[in-house]
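There are 4 protein chains.
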Amino acid sequence: MRADEKPEGDLQPPIKTRVADAALVRRRRQQIASAAVELFSDRGYYRTTVQDVADKAGVSAGLIYQYFQDKDDILLVAILEVIESYRTEIPASMVGLSDPLVRFREAVATYCRVVDARREATVLAYRSTKSLPAERRRLIMEAETETNNLIAECIQACVDSGLFRQLDVEFVTYQLVMFAHSWALKHWRLSRKYTIEQYIEQGLSLYMAACLSQAGWRHLPSVLPGRQ
Amino acid sequence: MRADEKPEGDLQPPIKTRVADAALVRRRRQQIASAAVELFSDRGYYRTTVQDVADKAGVSAGLIYQYFQDKDDILLVAILEVIESYRTEIPASMVGLSDPLVRFREAVATYCRVVDARREATVLAYRSTKSLPAERRRLIMEAETETNNLIAECIQACVDSGLFRQLDVEFVTYQLVMFAHSWALKHWRLSRKYTIEQYIEQGLSLYMAACLSQAGWRHLPSVLPGRQ
Amino acid sequence: MRADEKPEGDLQPPIKTRVADAALVRRRRQQIASAAVELFSDRGYYRTTVQDVADKAGVSAGLIYQYFQDKDDILLVAILEVIESYRTEIPASMVGLSDPLVRFREAVATYCRVVDARREATVLAYRSTKSLPAERRRLIMEAETETNNLIAECIQACVDSGLFRQLDVEFVTYQLVMFAHSWALKHWRLSRKYTIEQYIEQGLSLYMAACLSQAGWRHLPSVLPGRQ
Amino acid sequence: MRADEKPEGDLQPPIKTRVADAALVRRRRQQIASAAVELFSDRGYYRTTVQDVADKAGVSAGLIYQYFQDKDDILLVAILEVIESYRTEIPASMVGLSDPLVRFREAVATYCRVVDARREATVLAYRSTKSLPAERRRLIMEAETETNNLIAECIQACVDSGLFRQLDVEFVTYQLVMFAHSWALKHWRLSRKYTIEQYIEQGLSLYMAACLSQAGWRHLPSVLPGRQ
DNA sequence: GATGAATGAGGCTTCATTCAT
DNA sequence: GATGAATGAAGCCTCATTCAT
Chain A
1 MRADEKPEGD
11 LQPPIKTRVA
21 DAALVRRRRQ
31 QIASAAVELF
41 SDRGYYRTTV
51 QDVADKAGVS
61 AGLIYQYFQD
71 KDDILLVAIL
81 EVIESYRTEI
91 PASMVGLSDP
101 LVRFREAVAT
111 YCRVVDARRE
121 ATVLAYRSTK
131 SLPAERRRLI
141 MEAETETNNL
151 IAECIQACVD
161 SGLFRQLDVE
171 FVTYQLVMFA
181 HSWALKHWRL
191 SRKYTIEQYI
201 EQGLSLYMAA
211 CLSQAGWRHL
221 PSVLPGRQ
Chain B
1 MRADEKPEGD
11 LQPPIKTRVA
21 DAALVRRRRQ
31 QIASAAVELF
41 SDRGYYRTTV
51 QDVADKAGVS
61 AGLIYQYFQD
71 KDDILLVAIL
81 EVIESYRTEI
91 PASMVGLSDP
101 LVRFREAVAT
111 YCRVVDARRE
121 ATVLAYRSTK
131 SLPAERRRLI
141 MEAETETNNL
151 IAECIQACVD
161 SGLFRQLDVE
171 FVTYQLVMFA
181 HSWALKHWRL
191 SRKYTIEQYI
201 EQGLSLYMAA
211 CLSQAGWRHL
221 PSVLPGRQ
Chain C
1 MRADEKPEGD
11 LQPPIKTRVA
21 DAALVRRRRQ
31 QIASAAVELF
41 SDRGYYRTTV
51 QDVADKAGVS
61 AGLIYQYFQD
71 KDDILLVAIL
81 EVIESYRTEI
91 PASMVGLSDP
101 LVRFREAVAT
111 YCRVVDARRE
121 ATVLAYRSTK
131 SLPAERRRLI
141 MEAETETNNL
151 IAECIQACVD
161 SGLFRQLDVE
171 FVTYQLVMFA
181 HSWALKHWRL
191 SRKYTIEQYI
201 EQGLSLYMAA
211 CLSQAGWRHL
221 PSVLPGRQ
Chain D
1 MRADEKPEGD
11 LQPPIKTRVA
21 DAALVRRRRQ
31 QIASAAVELF
41 SDRGYYRTTV
51 QDVADKAGVS
61 AGLIYQYFQD
71 KDDILLVAIL
81 EVIESYRTEI
91 PASMVGLSDP
101 LVRFREAVAT
111 YCRVVDARRE
121 ATVLAYRSTK
131 SLPAERRRLI
141 MEAETETNNL
151 IAECIQACVD
161 SGLFRQLDVE
171 FVTYQLVMFA
181 HSWALKHWRL
191 SRKYTIEQYI
201 EQGLSLYMAA
211 CLSQAGWRHL
221 PSVLPGRQ
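Residue numbers (the numbering used here), protein chains in the order written: chain A, 1 to 228; chain B, 1 to 228; chain C, 1 to 228; chain D, 1 to 228.
Structure below.
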């Protein structure tokens, strides 16, 4: 689950397509999904027409249906693309880090920064998932769970090494995930007062205050060398 | 756009209604908005037709347009109705309580319980706000901010009385608001493991661990008489 | 099966309609189906758009969907309307006739005249039935079988009274039904040489020659008083 | 299926092809038309896409447009191919037969058997001819008339030799043609009760009863040696 | 000669909104 | 005040046809 076996940016097990060339299929799906993420994020799924997506992607409306089953399918892929970017970038940010607390802080910080980079798209996932039929919705939930596990593992490592007190790992994971997502969901308000880095700093302080064990508090200074 | 002739808790001032009798207007708007909340929550705004709302409300489709400007207007009122219920019930739950820590805990717990009671509707607010034009969206944000202040005041009181350490009240407020909302947003997952009361308990533990001052920790046992 | 219990022109067990008023429903369905028969007959089902039908019926395109499930449904009703007219008019033409041979001749002649009157529509039934899903197609086959029975009963009566020789009633029925339908199916050629009355005359001669018993031949002159 | 490399029976003069090699042209048109007959027969002209035809014929969609003007052109050739098979097989079945009555019976029987062999395709001709523009439709009517003449000649021979009474040859021809076609048009019902051979037998009995002269009746036993 | 990706016009259908009753 | 039939503007999607390779 750590490092991806598949090339980055890979979208979904290619749903049946009329087009044969696999490379072309990937490129087109990518191209169309990107346009869709932007538009769906901006004006909402239902307010965006397939023609809009086609125009923005620079293809004809008809072509979209050679790469996607229907409009819902575009949304599915668009949302998965966002979630996928979490799963790719969080592990990448942690390469080379070994201290559990450092890893934890980096994972959370990266999650927040990815959300920040794709803020609109993150909101899209919240707003539009219900627009999908149950089966497709499940796909998204699964992908999301996988991402959560990345955070959960970091927390568990901190608990195992005694830096965090005994706590309900899953529960804390969800609070941290929501902490990251909140930056997107409540951006209209939070951004008035914080930059993303300030937000991260505030959050890490709060949640570490909630989680650190005595040993953890003692270990902390070595993790925050430059500051405080 | 609003004009509340009097108590702010009133459901949207008749944006311009063809009907004269004010009592009837309020009743009709209430009746229709309730049906709308249920349907919008269940199947989404765009998947719900005005006819659906009319059917569920037991009125004709045409009648709706004598009490609402357009479909967006129904959504606006529906969302405001949900937020309104927060603003009504949280203060109600705190009547007679004076200990700042007790008041804090009760406010958070009540918020969670209200979210639980109107879970689908809470999600609706997240999903559909963007469907509204900017001006109407602002109305919702304002109403939301007002609700947040209820929590913020409780936190501030705890800080002022020395039970909470010095902390960024607004920041913590947002974390707690998201904590309550998360129960609705991630219910599909959280409810597998927690009841709403367990969720509240876990959350209060975590966030109090993050916020309590030394004095707060000493004060705590008197607040949790029945347990521990 | 003889005289209809239901009022003439009645179309199909009213498929679920959004409109309440039964009289209006019947009128609208009639109005739209008539326009459809004409257009479908003239330029074919697929070459006719729903908008065409709406225009010819003098209603909006949207209205059609308050009275029909989809375009196929219009076709179904259009075809059934044609078949229905057979079932109504054949019995009507035989009222007051008692001689089996006279009744037989009148039934066949009427069938041909009805086909002639709705020639294009008859062809429509042949051309377009396959366009319908299996279930709806069965409805049409059943209605057709009922019409055939009207002819079959006349033949059987002739056999029973000894005017026709022993013969396979069902088989002859089908030949006569096809004889009537052929006037529509091959009209482009037959009408060059025959009027509908001449065609009827020729056909009755041929098929009576094939069917009459000795007794039948003796009885014949009394049946053809004015001629031969 | 057929091979006459030239005589008039040839599949449509290449309406204007981008391809030079005449043999290839014939082969391709044949290959594509065969696939089309099958598909058009099965699911109807409009329900079949050009891509479907290409897939079944094992060629690309684009290639079809190097051998056919448009989709209508495929239909035209497909229908002509069916009618053509009548014109080829009926004479073939009569080679070596000289008795007019035997020839008549064989012609009708063969017609029925060819219809049976290409039942779906026969229905196709009825269903889809109207889909073609007037000019192309005329081509089909002409081909059909030619086939009818094969039957008409047999009847005329019987009349000339005194085996049939004086009768309207063209009229009877049409009845017999429809008799054969009916097997396809009403197969859903007729096949419940008759095999194709039983159907032929019944039909010949009926129509011979209608046509035979006194001399014909006397001659009959010599024609039906094996039976009765 | 053959391919098949790409186009884009046009069809069916839905649904917010109006208005005569 | 209330109804619900009627409208008509879009939207999604299909598919015949073209054209660069």
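Glycine included, every Cβ here is placed at the ideal spot set by N, Cα and C.
| Query | Result |
| --- | --- |
| Near-chain C residues of the region 167-179 of chain D - C-beta to any C-beta below 9 Å | L167, D168, E170, F171, V172, Y174, Q175, V177, M178, F179 |
| Close-in-space but distant-in-sequence residues of the same chain around A/L39 (CB under 8 Å, 5 per side omitted) | T48, D52, V53, K56 |
| Nearest neighbour of D/L220, chosen from D/F171, D/H181, D/F164 [CA to CA] | D/F164 |
| Proximity test, Cβ basis, 8 Å: C/S213 and chain D | no |
| Rounded C-alpha distance that separates B/A215 from B/R113 | 28 Å |
| Interface positions of the region 198-209 of chain D facing chain C (Cβ-Cβ less than 9 Å), listed along the chain | Y199, Q202, G203, S205, L206, Y207, M208, A209 |
| Interface partners of D/E126 on chain C, CB under 9 Å | The question names Glu, but residue 126 of chain D in the sequence shown is Tyr. Ordered by position in chain C, the residues that pass the 9 Å Cβ test against D/Y126 are V123, Y126, R127, L185. |
| Closer than 7 Å at the beta carbon, the chain C residues around D/Y46 | Y46 |
| Rounded C-alpha distance that separates D/C211 from D/Q69 | 46 Å |
| Rounded Cβ spacing between C/L80 and C/I32 (contact assumed at less than 8 Å) | About 13 Å separates the two Cβ atoms, so there is no contact after all. |
| Identified DSSP bridge partners for C/F164 | C/L212 |
| Backbone CA spacing between C/L76 and C/S128 [nearest angstrom] | 9 Å |
| Same chain, Cβ closer than 7 Å to A/R18, neighbours up to 5 away in sequence not counted | Q66 |
| Terminal residues of the alpha helix (DSSP H) in which D/L76 lies | 71-94 |
| Cα-Cα separation, D/S85 to C/N149 | 35 Å |
| D/G44, DSSP secondary structure in three states | coil |
| Presumed contact (8 Å Cβ cut-off) between D/A107 and D/C154, rounded CB distance | 5 Å |
| At least 3 beta-carbon pairs within less than 8 Å: the region 185-198 of chain C vs the region 165-184 of chain D | yes |
| D/S213 versus C/K71: straight-line alpha-carbon distance, rounded | 53 Å |
| D/E120 vs D/S41 beta-carbon contact at 8 Å | yes |
| beta-carbon A/D168 near the ligand HEM non-hydrogen atom, thresh 7 Å | With respect to the ligand HEM, the structure offers nothing, as it holds no ligand at all. |
| Sequence-distant residues of the same chain with beta carbon closer than 6 Å to A/S161, five excluded per side | P100 |
| Amino acids of chain B, ordered along the chain, whose beta-carbon sits closer than 7 Å to that of A/K193 | E170 |
| Proximity to B/V37 [Cα-Cα], best of B/L204, B/A61, B/V123, B/S98 | B/V123 |
| B/I74 vs B/E144 beta-carbon contact at 8 Å | no |
| Rounded straight-line distance, which links the Cα of D/K130 to that of C/Y126 | 11 Å |
| A/I196 and A/D116 closer than 8 Å at C-beta | yes |
| For A/L206, three-class secondary structure by DSSP | helix |
| Start and end residues, alpha helix (DSSP H) containing C/A57 | 50-57 |
| Contacts of B/K130 in chain A (Cβ-Cβ under 7 Å) | G44, R127 |
| Distance between A/S191 and A/A152 (C-alpha atoms, nearest Å) | 27 Å |
| Rounded straight-line distance, which links the Cα of D/Q198 to that of D/W217 | 21 Å |
| Straight-line gap, A/L204 to A/L176 (C-alpha atoms, nearest Å) | 9 Å |
| Cβ neighbour criterion (16 or more within 10 Å) applied to B/T88 | exposed |
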